[in-house]
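According to mature numbering (1 follows the signal peptide of the UniProt record, and there is no 0), the stretch in the sequence shown is residues -22 to -1, 1 to 153, in order. Using N, Cα and C, we set each Cβ at its ideal position, and we do this for glycine too.
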Amino acid sequence: MGRWNRFGGVFFSVALAAVAVGVGVKGYPAEDLVVKLPGQPPVGFKQYAGYVDVDVKAGRSLFYYFVEADKNPKKQPLTLWLNGGPGCSSVGGGAFTELGPFYPRGDGRSLRINSMSWNKASNLLFVESPVGVGWSYSNTSSDYIRGDASTGNVISSTDLRTIPATSFIDRYWNL
């Protein structure tokens, strides 16, 4: 089994295992709390994953994965990670193969700690953008435009420009 096939299995399992529980703290979206990913080693930080609606009428939503800083998350900066391309998964590319807290193990069934993760110094926010990338979606078929030029235009004119920056941030810092 190739490296990417193994990664795909873990990545799919991650989506199925985003278990939500109540945390009882205002500002933290209880339904977005990821208790534990499949094969995840024990950690002391919280993780959240879910959707932010960017256009309710069109049914357009961006998927995000947020990882608290390993220590003192309230005092650490926020790093917003948007993988290049555009059209490359920030979760699959950035979070689980580059700078996130975990890497998939060779068996494709478990995760290992990334000792060089950027969450050692920052809170991390990975956003799947534009719609159609990763788990971000739209219920409007014309939103699924192909090609770098058109994708770049969609990003600059719709998804991120129409979301108040605080849509993501307010979810975590309203304590």
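Test item: CB-CB of residue i and residue j under 9 Å
i          : j           : result
residue 24 : residue 55  : no
residue 59 : residue 89  : no
residue 29 : residue 15  : no
residue 34 : residue 109 : no
Own chain partners of residue i with C-beta closer than 8 Å, once the 5 adjacent residues on each side are dropped
i          : result
residue 67 : 61, 106, 111 and 112
When the options are compared against residue i, the one with the closest alpha-carbon
i           : options           : result
residue 120 : 28, 17, 38 and 72 : 38
residue 21  : 45, 99 and 30     : 45
residue 104 : 78, 92 and 94     : 78
residue 93  : 109, 75 and 87    : 75
residue 85  : 17, 9 and 12      : 17
residue 11  : 19, 31 and 42     : 42
Beta-carbon contacts of residue i that lie in its chain and below 6 Å, excluding the five residues immediately before and after
i          : result
residue 97 : 45, 47, 48 and 79
residue 81 : 90 and 92
residue 87 : 17
residue 72 : 59, 61 and 104
residue 83 : 90
residue 53 : none
Residues near residue i in its chain [Cβ-Cβ closer than 7 Å; skip 5 each side]
i          : result
residue 95 : 77, 78 and 79
residue 36 : 116, 117, 118 and 121
residue 1  : Reliability of the predicted coordinates at residue 1 is poor, the pLDDT of 27 falling under 50, and the value obtained from them is presented with this limitation in mind. Contacts found: 8 and 11.
Contact belief for residue i with residue j at Cβ below 8 Å, rounded distance in angstroms
i           : j          : result
residue 100 : residue 57 : 4 Å
Closer than 8 Å: residue i CB and nearest the ligand FAD heavy atom
i          : result
residue 59 : Within the structure as shown, the ligand FAD is missing, as the structure has no ligands at all.
Beta strand (DSSP E) segment containing residue i, residue limits
i           : result
residue 82  : 80 to 82
residue 29  : 25 to 33
residue 105 : 101 to 105
residue 57  : 56 to 59
residue 39  : 38 to 45
residue 90  : 89 to 91
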